[in-house]
Every structure is written in C-alpha cells, then in structure tokens.
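S.K.:
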Amino acid sequence: RVTSKGYPLDEKFEIWGTSPYFTVELSSTVRLSDLLRHLYVLLPVLDNQKHYWIGDAEVEKLLQKGKDWLKDHPERNLIVNRYLKYQAPLRYKALEKLMEEEGDDPDEKKILEDREEQKLEKKLSLNEQRMNSVIAVLKSQNVKSIIDLGCGEGRLIKNLRKYHEFKKITGMDISYQALTSAKKRLDLDRMPSTERARIQLIHGSLIYKDDRIKGFDAATCIEVIEHLDPFKLEMFEKILFGEARPETIIITTPNSEYNVKFNIPGRFRHRDHRFEWTREEFREWARPIAERYGYTVRFLPIGPEDPVVGAPTQMGVFSR
40 RVTSKGYPLD EKFEIWGTSP YFTVELSSTV RLSDLLRHLY VLLPVLDNQK
90 HYWIGDAEVE KLLQKGKDWL KDHPERNLIV NRYLKYQAPL RYKALEKLME
140 EEGDDPDEKK ILEDREEQKL EKKLSLNEQR MNSVIAVLKS QNVKSIIDLG
190 CGEGRLIKNL RKYHEFKKIT GMDISYQALT SAKKRLDLDR MPSTERARIQ
240 LIHGSLIYKD DRIKGFDAAT CIEVIEHLDP FKLEMFEKIL FGEARPETII
290 ITTPNSEYNV KFNIPGRFRH RDHRFEWTRE EFREWARPIA ERYGYTVRFL
340 PIGPEDPVVG APTQMGVFSR
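With positions in the sequence shown counted from 1, the corresponding number in this note's numbering is that position plus 39.
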C-alpha cells in the first residue's frame with residue numbers, strides 16, 4: 040500500500056502552487072530482504088538524479104536486485120530507463136537479459152502461443168462460446184462499466200462494444216504489443232468520438248495495486264489466471280477482491296479434465312500456462328476467496344459438456 044502527501048510551495052502563498060516534495064509511506068507484509076532490494080532500485084529511480092558514471096556494473100546491480108520482480112513490473116521500462124540514466128545501449132542490454140529466460144520477445148511469443156491455443160479450440164468455437172457466456176452474465180447483472188483484466192488483443196472488448204448498455208469499457212494488459220494489437224482490432228483511431236469515449240486501454244499488471252481498476256461494476260478475467268505463477272495468486276486475489284471490489288467478477292479458466300478430448304492428456308493447452316485446474320480444484324480455490332471478501336460464487340460450464348470430464352472451460356461468477 041502506498042500513501043503520499045503533497046505540500047504547497049509556500050503555505051502563505053497558495054497561488055505559487057505545489058512543492059515538488061512529498062511524504063510517502065509504503066506499507067506491506069514482506070521479507071525485509073525483498074523490501075530492501077526494491078528500495079535499492081526504486082530510490083534512485085524516484086530521485087532520477089544519478090550523478091556518477093553508469094556502466095555494465097550498474098546493469099548487473101539492477102538485474103541482481105530486480106530479479107523475481109522487475110521483469111513483470113508494469114513500469115519496468117521506466118525503471119530500467121531511469122536507473123541507467125537513459126543510456127540506450129545499457130537499457131537494451133538490461134531488458135534483453137531480463138527476458139532471456141523467456142526466449143524470444145515475450146509479447147510476440149505470448150501472442151503466437153495464444154493463437155496456438157485458439158487453433159486447438161477452434162473446432163468447438165470455444166472462444167465464441169466464452170464471449171457469449173460472459174456477455175450473457177454481464178447483461179443479466181445489469182452492469183454499466185466493465186474492466187477486462189488481461190484483455191490481450193481485445194477480443195472481448197470488441198464484442199462488448201456492440202452493446203450500448205455497457206457505458207464504460209476498459210481493457211488492461213501487461214503486454215504493450217497485445218495492447219497495440221487491441222487498438223488495431225478495435226480501430227480506435229477511426230472510431231467516432233462518442234464511441235471512443237466508452238473505451239480505454241491501459242497498461243498494467245494484475246499483481247500490483249492500481250487505483251485505475253477501481254470503480255467498475257464488473258471485472259472480467261478471461262483465460263488469464265492460469266498464466267500467473269501459483270505464488271502470485273494470493274496477490275491477484277488481494278488486488279481484485281480486496282482492493283478493486285467490483286460488484287461482479289467473472290473468471291474463466293480451462294478445465295484440465297477436458298484435455299483428454301483434445302488428445303493432449305498430461306499436457307497444458309498453452310505453453311505459457313503455469314497450471315490448469317480440474318473443476319474441483321477451481322472450486323477449492325474460489326469458494327474460500329468468495330467467503331473472505333463477502334462474495335457469493337456460482338460455477339458455470341462453457342462449451343460442450345461431457346458427462347464424465349465436464350466442459351472445456353469453467354466459469355466462476357462472483358457477486359456481492
């Protein structure tokens with residue numbers, strides 16, 4: 040949690056405006072070593088006034104102190120840029136090393152893998168069925184404003200914009216390239232101003248507190264949580280259910296039991312999936328969360344339902 044307090048330049052002369060100084064308070068329950076690693080990087084980034092020579096040694100310091108958190112930070116590029124005093128060769132080197140474990144460009148790789156998963160599910164028209172199921176729930180809840188978390192290339196948003204009862208539609212994703220693709224898919228640049236005012240795309244992460252995701256009637260996470268490392272689910276839960284707290288939350292995720300019908304038993308549908316849950320595992324995760332944060336939850340199948348393994352996609356609808 041971050042709180043900040045600004046000050047006037049001079050209390051007697053308010054017309055002079057505000058001071059550049061703030062009192063900032065950070066509070067969290069974390070290991071001291073993790074906190075110190077964050078501060079080691081972020082204090083000079085916030086100061087933005089490094090006065091000593093910057094070279095390869097600073098890149099190594101940044102990578103050492105930023106491992107485990109910097110790669111997924113929504114302001115990663117800004118942090119790297121400032122820490123290395125805007126020196127392009129060093130910035131490129133740092134970003135390249137941060138992403139080495141992912142192989143190719145992570146945004147491009149993610150989009151290509153998404154398309155592989157879509158190909159696997161195409162025979163069932165599963166994506167279309169997901170969109171229709173989610174929209175049906177949103178309409179039944181009479182929501183006016185929606186944030187699609189992990190919006191990807193904007194497929195759900197493109198469908199949502201057809202319904203004028205949805206007055207405000209926002210998509211958030213950690214991938215700049217996905218947001219660029221969404222902008223093209225939605226044709227935002229040529230959209231009439233009245234229509235454009237309904238739709239916004241923002242860059243952000245599901246595991247960092249962000250006031251921009253507050254104030255919506257509903258939040259959707261469509262085939263997203265399985266891309267998170269399991270240890271990040273607790274933070275995701277706190278951000279979405281504890282901080283944002285929309286009245287309706289819709290989460291869809293693959294039903295791993297159905298994978299035998301895709302002839303991929305023992306494998307995930309997408310190479311970036313960190314896990315895939317059975318129906319019971321999804322319920323065991325969702326029910327305690329609903330109870331902790333004052334929601335009710337119901338579970339719905341999406342796609343053709345097999346009497347033994349269930350439907351290919353499972354949906355949890357949380358309401359309060």
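Just so it is clear, CB atoms sit at the ideal spot from N, CA and C, and this is done for glycine as well.
May I ask you to report which of helix, strand or coil DSSP gives Asn298?
M.R.: In this structure, Asn298 counts as helix in the three-state DSSP scheme.
S.K.: Given that a residue counts as buried once 16 or more other Cβ atoms are within 10 Å of its Cβ, and exposed if not, what is Leu123?
M.R.: Counting Cβ neighbours within 10 Å, Leu123 comes out buried, since at least 16 surround it.
S.K.: Thinking just about the alpha-carbon of each residue, which of Arg76, Asn198, Trp55, Ile241 is nearest to the one in Leu177?
M.R.: Selected option, being the one with the closest Cα: Asn198.
S.K.: Take Pro285 and list the residues in its own chain whose beta-carbon comes closer than 7 Å to its own, dropping the five residues that flank it on each side.
M.R.: Taken in chain order, the residues that qualify are Phe255, Asp256, Ala257, Ala258.
S.K.: When we look at the beta-carbon of Thr287 and count the other beta-carbons within 10 Å, is it buried (16 or more) or exposed?
M.R.: The residue is buried, with at least 16 neighbouring Cβ atoms inside 10 Å.
S.K.: Using 8 Å as the threshold, is the C-beta distance between Arg322 and Phe338 below it?
M.R.: The answer is yes: Cβ separation under 8 Å.
S.K.: With Glu338 as the anchor, note down where its beta strand (DSSP E) starts and where it stops.
M.R.: Reading the sequence as shown, one finds Phe at residue 338 and not Glu. Taken as a continuous stretch (DSSP letters only), the beta strand (DSSP E) holding Phe338 covers 335-341.
S.K.: Can you check whether the CB of Gly342 is closer than 8 Å to the CB of Lys165?
M.R.: Residue identity check: residue 165 is Leu in the sequence provided, not Lys. Yes, the pair counts as a contact, with Cβ atoms nearer than the cut-off.
S.K.: Which class does Gln353 belong to by DSSP, given the choice of helix, strand or coil?
M.R.: Correct three-state label for Gln353: strand.
S.K.: Based on the DSSP output, what are the partners of Ile118 in its beta bridges?
M.R.: The partner list for Ile118 (beta bridge, DSSP) is empty, contrary to what the question assumes.
S.K.: Where in the region 219-298 do unbroken runs of the beta strand (DSSP E), each at least 3 residues long, occur, reported from the N-terminal end onward?
M.R.: Runs found: 238-242, 257-261, 287-293.
S.K.: Answer with buried or exposed for Asn120, where buried requires no fewer than 16 other C-beta atoms within 10 angstroms of its C-beta.
M.R.: Classification for Asn120: buried.
S.K.: Where does Val69 fall in DSSP's three states?
M.R.: DSSP places Val69 in coil when its eight states are reduced to three.
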